[in-house]
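Its first residue numbered 1185, the sequence shown is counted upward by one per residue in the working numbering.
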Amino acid sequence: MSRLSEADLEIIAGLNIRLVCDLRTGREQSEFVSRWPDAPAHVKLDLPDRNESDAGPHKIFELIAKHPGEAGGLLAMDMLYRRKPKAFARSLQILFKTILSGEGLPLLVHCHAGKDRTGFVVAMLLAAAGVSRADIIEDYVTTAHYFSAEKEAHALAAWAKRSFGHDINTESA
């Protein structure tokens, strides 16, 4: 949301979004300020304060720093995804309550990169709506077509260094 072009802003304005669910941490929100179109008022639901003390970015980068390369990246992703249900439990309660109140649709869910946190929350929304597991997985995998892993790895490595003092290689990221 911080890198939107003017054309992107026009498209988003036409969607009449009523609820924006921001899954970024407070630090990410400060560092990468969202751009938003001049559009009708919407509700912004910040859900960054999850209980991620054992799976937050600092723990992920510590693990990657200890185990550089692809193996460290895989260990970090495994740890991250195993902890998501517990870490997001309260945030999901708030999100579902907001949607069920009638104020939450159309909805935009985003985080910094738009794949892991957003993918998890959207998968939970789809599951609650009765979408099949196979279709949820297909939807998640489809995002890879719109995601530059190489570009994101360089950005993630730079952010890890700047924010947490960890040197990680792009293969790990």
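Note that CB positions come from ideal geometry on N, CA and C, so glycine has one too.
On a predicted model such as this, the values are computed, not experimentally measured, just so you know.
With burial defined as no fewer than 16 other Cβ atoms inside 10 Å of the residue's Cβ, what is the status of residue i: buried or exposed?
| i | result |
| --- | --- |
| T1327 | exposed |
| A1311 | exposed |
| K1270 | exposed |
| K1250 | exposed |
| E1322 | exposed |
| H1296 | buried |
| R1266 | exposed |
Across which residues does DSSP place residue i in a beta bridge pair?
| i | result |
| --- | --- |
| L1229 | C1205 |
| L1291 | L1203 |
CB residue i to CB residue j, shorter than 8 Å?
| i | j | result |
| --- | --- | --- |
| L1199 | L1279 | no |
| S1186 | F1216 | yes |
| K1268 | F1304 | yes |
| V1315 | V1306 | no |
| L1264 | C1205 | no |
| L1258 | L1247 | no |
| R1208 | E1287 | no |
Can you tell me the Cβ-Cβ gap for residue i and residue j, rounded? I've got them flagged as a contact below 8 Å.
| i | j | result |
| --- | --- | --- |
| L1193 | R1219 | 6 Å |
| L1276 | I1283 | So it is not a contact: roughly 10 Å between Cβ atoms. |
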